[in-house]
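Written out below as C-alpha cells is the structure these notes cover.
Numbering (our numbering), first residue to last: -9 to 88.
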C-alpha cells in the first residue's frame, strides 16, 4: 500500500500542473489526417516523457502522425503500459470557434 499512497500524494502535490498539461494537450488541433499537427502534439508528449526520465523513441510514418514509445526502467518490478492516441477531432482553425 505504500506505493499507492506515494502515487496519491504525488497527484495531490502536482494536481494543478497536471491539469494544465491535460488542458494543453486536449486543446490542441491535431486532426487525424493532419500529420504535421499530430507530430507536433507527439513532440509535446515526448518532451514530457523525457523530462520524467523516460527513454523515448519515435516511429515515423510517411502519411500519418508519428508514434512515440516511452520506456522507464523498472528493474524487477512489473511493467505498466499506457496506450492511446493523440489525434483529435479538431481541424486546424476550429479551436477558435469553441
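All C-beta atoms in this analysis are idealised placements derived from N, C-alpha and C, irrespective of residue type, glycine included.
{"query": "The segment 34 to 47 contacting the segment 61 to 77, beta-carbon criterion three pairs below 8 Å", "result": "yes"}
{"query": "Limits of the unbroken alpha helix (DSSP H) element including residue 35", "result": "25 to 41"}
{"query": "Contacts around residue 29, its chain only, beta-carbon distance under 7 Å, and the 5 residues preceding and following it disregarded", "result": "55, 56"}
{"query": "Rounded distance between the beta-carbons of residue 78 and residue 20, thought under 8 Å", "result": "5 Å"}
{"query": "Sub-9 Å separation of residue 76 and residue 39 beta-carbons", "result": "no"}
{"query": "Spatial distance of residue 67 from residue 47 (CA atoms)", "result": "22 Å"}
{"query": "Proximity below 9 Å, CB of residue 36 to CB of residue 15", "result": "no"}
{"query": "Own chain partners of residue 81 with C-beta closer than 6 Å, once the 5 adjacent residues on each side are dropped", "result": "21"}
{"query": "Cβ-Cβ distance between residue 17 and residue 71 below 9 Å", "result": "no"}
{"query": "Cα-Cα separation between residue 50 and residue 73, rounded to whole angstroms", "result": "17 Å"}
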